[in-house]
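For reference, the structure is listed below as structure tokens.
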Amino acid sequence: MLEKTNITIPVIDTNNKCQKCTASLCCTYITEQLETPRSKLDFEYLLWQISHENIIIYKDEDGWTLQVMNRCQHLVDPGGRCAIYDKRPQICRDHENDYCDFDQTDRDEGCDLYFDSYQSLRQYCKKRFKRWER
């Protein structure tokens, strides 16, 4: 038998979500939209990019994206808060948190294609281009 309690579970919404995200997830990487790769040469370029440390390439409903996993230098405040919050760049001010990393359980959630290594992208290239090795 369950007992009735007076515990209130706070609702997390866009007004308080950033306060609940102690890891400052959106400030641990940058992204760059990519032209849709079509040719073998395009994919060779992507293989070169993903050969570098902390690079992820994915395709989702917005297209192809290069993601550089590199924490912002201003996240020095204990608890993961921004040390220049009042003077932060406009792009940071414009960031919307209606759906963000805090809402995701897996990094590749919502991706049609997701590559976190040279090997995973190369395997895709070999399937996409029957004559990849030639």
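Quick note on my numbering: the sequence shown kicks off at 429 and runs consecutively.
Glycine included, C-beta positions come from ideal geometry on N, C-alpha and C.
Nothing here was measured: the structure is a model prediction, and the numbers come from that model.
Continuous alpha helix (DSSP H) stretch holding residue i: start and end
| i | result |
| --- | --- |
| Q477 | 468 to 478 |
Check whether residue i and residue j have beta carbons under 8 Å apart
| i | j | result |
| --- | --- | --- |
| L541 | Y486 | yes |
| T459 | R499 | no |
For residue i, the nearest candidate out of the options (CA to CA)
| i | options | result |
| --- | --- | --- |
| L494 | C449, Y473, Q547, K558 | Y473 |
| L503 | D488, C454, R559, L469 | C454 |
| R559 | N525, Q501, V496, L469 | L469 |
| C449 | C528, F543, Q501, H523 | C528 |
Endpoints, beta strand (DSSP E) assigned at residue i
| i | result |
| --- | --- |
| Y486 | 483 to 488 |
| R461 | Note that residue 461 corresponds to Gln in the displayed sequence, not to Arg. Here the beta strand (DSSP E) through Q461 covers 457 to 462. |
Through-space distance from residue j to residue i, alpha-carbon basis
| i | j | result |
| --- | --- | --- |
| R509 | S452 | 7 Å |
| R516 | D490 | 26 Å |
| T464 | C539 | 15 Å |
| R521 | F557 | 42 Å |
| Q551 | I512 | 42 Å |
| Q447 | K554 | 44 Å |
Nearest-angstrom beta carbon gap, residue j and residue i [assumed within contact, 8 Å]
| i | j | result |
| --- | --- | --- |
| I483 | Q477 | 6 Å |
| S479 | Y546 | 5 Å |
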